[in-house]
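In my numbering, the protein residues as written are 1416 to 2235. These notes concern the structure reproduced below.
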Amino acid sequence: MDHSLPPHLAERFRWLVGPEQTTHGAGEFVLYWMHNAIRAHENPALDVAICLARQNGLPLLVYHGLSEDYPYASDRFHAFILQGQRVVQRELRDRGIEAHFHLQRDGCRGPHLKSLTRRAAVLVTEEMPVQPLVGWLERLSIRTTTPIAMVDASCIVPVSLLKRPYTRAFEFRSATKALYEQRIDRLYPEQPIDVVMFGDAIPFESLDLQDSCLSSLIAGCRIDHSIAPVVDTPGGSRAGYARWDRFKQSGLASYDQRRNDAASHDGPSRMSAYLHFGMVSPLRIAREASELARDQPAAKKFLDELLIWRELAFHFCFHNADIIDTLDALPDWSRKTLDAHCRDERSKNCSWETLARARTDQPLWDACQRSLLKHGELHNNLRMTWGKAFLNWARTPGRAFHLTLDLNHRYALDGRDPSSYGGVLWCFGQFDRPFEPESEIFGNVRTRSIEQHQSRIDLPKFGRIVDRPIATNPPTVAIIGAGIGGLIAARTLKDHGLDVTVFDKSRGVGGRMATKRSRASDISLSFDHGAQYFTARDHRFCRYVDSWIHDAVVQPWVGRIVELGSGGNVIQEKSATPRYVGVPGMNQVAKHMAKDLTLRLETTISAVRRASDSTWSLIDNEGKWQGDFDSVIFNCPPIQSAAILNGQSSIAEQFASAQMSPTWAVMLSAAGLRGLEFDGAFINEGPLSWIAREASKPGRPTMADSENWVLHASTDWSKANIERSGEEVTTDLLKAFESSTGHPLGTVGYAVAHRWRYAIPSTPLANDCLWDSDKLIGACGDWCGGPRIEGAFLSGMAVAGSLLRQLTIDRAPVISSKSS
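And the structure:
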């Protein structure tokens, strides 16, 4: 493989897997995998691929794939990348380069990078020394024999030029001074496009984004739909350079004076997201800033931030990519001092959810987190204060570090960038020196007081920046039904600043995630008569469950669960699956989720009617008007939703295909049940399908003389007996209980039946939710996408995401500035 390159490319090039290390035969093409240099200009990785194709007489194949599996994958990042890919497709086409794009989504999945690499003579891609890219490349090098070339397209001084990392800015500045002077003003020579494009079959249908609906494409991806795209930071080179041009004209001259004022929205350049994904050329940004620095002293400070602090972090991550997600990335002195103060008393022990939703009751910190959550950015000066707070609010330095990384990477558009890692690591002592005297919790790590920072900032002004609407004229939203799906939809929309009201016909929230309390012989009784427990498999749901456990809202249920045969014989143990319950009742989860929502309970909505071209009137079952709303989301059983909507939306047609089955439940308190040697049982014969001992669940009271159990009838039996009286059902199911367990009930102190007419989705829809973009009407529930509480939760996220994408992607500003 001939790889003689021009000097400006050769210094950026290294072999991850060299030709001499492989037994790879002749390949069909030179493959360029684009991921963090999403631009068609001043792109060294693209130009290396062109050179290798030219020198070896091979066609060029440009590939970009967007996976569902990268860390923190969400609508925010997907939208930003897709918008950037749409622009780069046009740019590449204008240069005569045919590029192929694959979006992993429903019906379009597969290991296409691996299969393309195996066919290639060489794979060329960009240096990005963070996960998951480092891990993906390591696995790719093991699973293929293709040579792999890495090209630095992010730094002015390529990472491979320095043989060791630096941890202090002054040392890095000294080591790179001459290297920057030689490169910063150098014009970038583009490679001529004198190679042919690969034209044979590839293993997927290349997606042209020019006329594609990005919102619909994102809806089909298994990603986090609860984090909205950022309307005023659209992806792509055009948007990036438009922001840069504005900053050059109105912000750069005063950068040194305004850069630390977080209440000045235009003080910093706000270019970090475009630099992270390579939608703008850092070479061009540095070159133009250097030219302006001759007449504008403030530009020198900007250059110091762009070159020294940004690239210090890149070089550090390049040499330490395997440890930057751990405390091992910190200097020895920092790890030792944090460990020495590990047991110091903290002011709080915040859960992930408390922090993510900005509910710490610390005004400045919460405003910082709202900025990340709603707008995907946080002023760098404040991000340092924000990041320092985690040590005070987590029991161990390790947990504080991982929470800081999580929230930074999950919400910030520049998250997972090496310079973003650098900012987080600085909060824990990296790139800094020890401070004396030692302080509690921090030891010798520099402290940064939220209270002191708050006294220096115009907090109301900063709050107005943070709480600006995420889109022009955000709609008012009504959610009908306070089940888990409706509650997470409401919270997601409220957290993004929308005005949301939740209606429910019941006295409480939670739907089938219900707990009934009663009395018998002056004894208080409690039963989870709806959902008995829930499981958590999807990572989007698991992070909430972990947080609920932290807040004592949820605990694992470790009771003995079995499958019963005839006569009460145990056929199989069924305790391998982790099960969770709300504490002290299943409805506690719903109460927790509804805590800060606007609720109108005991209000039965019977109709929605068009009040105008853009609003809906809600009418209750007494004919009273309950308000006008721009958007309505249904979280009811499909047959009820259909009746309320009455054919006024295209989604109404799909309600009929989602069938719900009933379940009869009996709440039982009896004296003779202590001898049963299990806590829950699946039953395959007779009227019953499930029985459970309430006291075996954490947080439930135990009774001296009796035990509380919940019995669920099978779907078939419930259907056949749906219209019978509760007394008749109770009698039959108590007999079935004795027959199925082989155990007499003894004295029955309490036995009441409850009919769940719409309990189990027997034919759930394939869609995660339903959404009518023309009328802003949506629907969610466990009858969409998949059953169980987890399914309802993800469905509520999905419908909230549908509305948020419509507000932010479809209404994103059109950028007319040229990209280069």
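In this text, a Cβ means the ideal position worked out from N, Cα and C, and glycines have one as well.
In the pairwise beta carbon analysis, the stretch 1637–1646 is classified as touching the stretch 1483–1503: at least three pairs are separated by under 8 Å. L1788 and D1821 have their C-alpha atoms roughly 12 Å apart. Around the beta carbon of K1578, a 10 Å sphere encloses fewer than 16 other beta carbons of the protein chains shown; the residue is thus reported as exposed. For the options D1747, M2118, S1556, L1497, the alpha carbon positioned closest to that of P1849 is the one of D1747.
Put simply, the backbone Cα of S1569 is about 40 Å away from that of S1762.
Counting along the chain, no alpha helix (DSSP H) covers H1680, and no H or E run does either.
The Cβ atoms of H1517 and H1527 sit closer than 7 Å to each other. If the five residues before and after S1766 are omitted, its C-beta is found closer than 7 Å to the C-beta atoms of S1962, H1965, D1966, all from its own chain and listed in chain order. K2112 sits buried, since 16 or more C-beta atoms from the chains shown fall within 10 Å of its C-beta.
The criterion of a C-beta distance shorter than 7 Å is not satisfied by A2086 and T2146.
Per the Cβ contact rule, the stretch 1686–1703 is in contact with the stretch 1449–1467 (3 or more Cβ pairs under 8 Å). Excluding five sequence positions before and after N1471, the CB atoms of its chain that fall closer than 6 Å to its own CB belong to D1417, given in chain order. The continuous alpha helix (DSSP H) containing Q2003 extends over residues 2002–2008. The Cβ atoms of N2036 and T2013 do not sit closer than 7 Å to each other. Nearest to A2067 by C-alpha distance, out of R1510, Q2055, M2075, is Q2055.
The secondary-structure analysis by DSSP pairs N1984 with nothing; it has no beta-bridge partner. Contact between the stretch 2129–2137 and the stretch 1896–1910 is absent: fewer than 3 CB-CB pairs across the two stretches fall below 8 Å. Annotation for S1482: Q1519 place their beta carbon closer than 7 Å to its own, counting only its chain and skipping 5 residues before and after. In this structure, S1621 is the residue among G2211, S1621, W1841, E2092 with its C-alpha nearest to the C-alpha of C1523. A direct Cα-to-Cα measurement between F1717 and T1992 gives close to 54 Å. Counting only the Cα atoms, V1502 lies some 38 Å from F1585. Uninterrupted alpha helix (DSSP H) stretches at least 4 residues long and entirely within the stretch 1870–1894 occur at 1874–1881, given in chain order. L1624 and Q1500 have their C-alpha atoms spaced approximately 8 Å apart. For G1480, there is no enclosing alpha helix (DSSP H); the enclosing beta strand (DSSP E) covers residues 1475–1481. Beta-bridge partners assigned by DSSP to T1916: A1893, T2013. Distance between W2031 and I2137, taken at the CA atoms: about 35 Å.
Within the stretch 1595–1623, there are no complete beta strand (DSSP E) runs of at least 3 residues. One thing to note: V1566 has its Cβ within 7 Å of the Cβ of A1460. Fewer than three Cβ pairs drawn from the stretch 1936–1955 and the stretch 1984–1991 lie within less than 8 Å of each other, which leaves the two stretches out of contact. For Q1845, the secondary structure class from DSSP, reduced to helix, strand or coil, is coil. DSSP links F1729 through a beta bridge to no other residue. Proximity to G1802 across H1817, L2016, G1997 peaks at H1817, based on C-alpha coordinates.
DSSP places A2057 within a helical segment (H, G or I) once states are collapsed to three. Under the criterion of beta carbons closer than 8 Å, A1535 and G1442 qualify as touching, at roughly 5 Å.
Taking the Cβ atoms as the reference, A2215 lies roughly 38 Å from T1862, outside the contact range of under 8 Å. Annotation: Y2173 is outside any alpha helix (DSSP H); the continuous beta strand (DSSP E) that includes it extends over 2163–2178.
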